[in-house]
Amino acid sequence: MKDLMGLMKQAKEMQAKMETAQAQVADLVAQGRSGGGLVTVTLAGEGNMKALKIDPSLLSSEEAEIVEDLIIAAYQDAKVKLDMAKAEAMKSAMGDIQLPPGMKMPF
Numbered sequence: 002m003k004d005l006m007g008l009m010k011q012a013k014e015m016q017a018k019m020e021t022a023q024a025q026v027a028d029l030v031a032q033g034r035s036g037g038g039l040v041t042v043t044l045a046g047e048g049n050m051k052a053l054k055i056d057p058s059l060l061s062s063e064e065a066e067i068v069e070d071l072i073i074a075a076y077q078d079a080k081v082k083l084d085m086a087k088a089e090a091m092k093s094a095m096g097d098i099q100l101p102p103g104m105k106m107p108f
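Using our numbering, read the sequence shown as starting at 2 and increasing by one per residue.
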């Protein structure tokens, strides 16, 4: 019975850590850049775009396709950085607990 109580205590602690980690992930912000900084995309923790900055030198009609490609590249850069920050936040919350491959938290 002691083992069961200890296990339940660990589960509650783990749940609290996961809630803290999820709150931290929600507060994360990542910036992606492309074109040598001519395009900057800012993403929030859930992957929603918060900001987009385009250098005025790119805003001529001949450059539209290039600007579109740079926006996509900047978004992808920010998404990769955001995913890495999320993984690090969740890893610190999980501690030494190893989940089976393919299993994600929260369940």
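Glycine included, every Cβ here is placed at the ideal spot set by N, Cα and C.
Outcome for residue i when other beta-carbon atoms lying within 10 angstroms are tallied against a minimum of 16
i	result
Glu-47	exposed
Ser-62	exposed
Met-91	buried
Phe-108	For Phe-108, the predicted model reports a pLDDT of 45, less than 50, meaning its position is unreliable and no value from the coordinates is stated.
Leu-60	exposed
Val-40	buried
Leu-53	exposed
Lys-3	exposed
Val-81	exposed
Leu-5	exposed
C-beta atoms of residue i and residue j nearer than 8 Å
i	j	result
Gly-38	Leu-71	no
Thr-121	Ala-86	Because the chain in this structure spans residues 2 to 108, residue 121 falls outside the shown range and cannot be described.
Thr-21	Ala-94	yes
Among the options, the one whose alpha carbon lies nearest that of residue i
i	options	result
Tyr-76	Ala-27, Gly-33 and Lys-92	Gly-33
Val-30	Gln-16, Ala-45 and Ala-94	Ala-45
Host beta strand (DSSP E) of residue i (start-end)
i	result
Leu-53	50-55
Residue i, enclosing alpha helix (DSSP H) - first and last residue
i	result
Leu-71	65-95
Legend entry - Unbroken stretches of the beta strand (DSSP E), 3 residues or longer, contained in the stretch 12-43: 30-35
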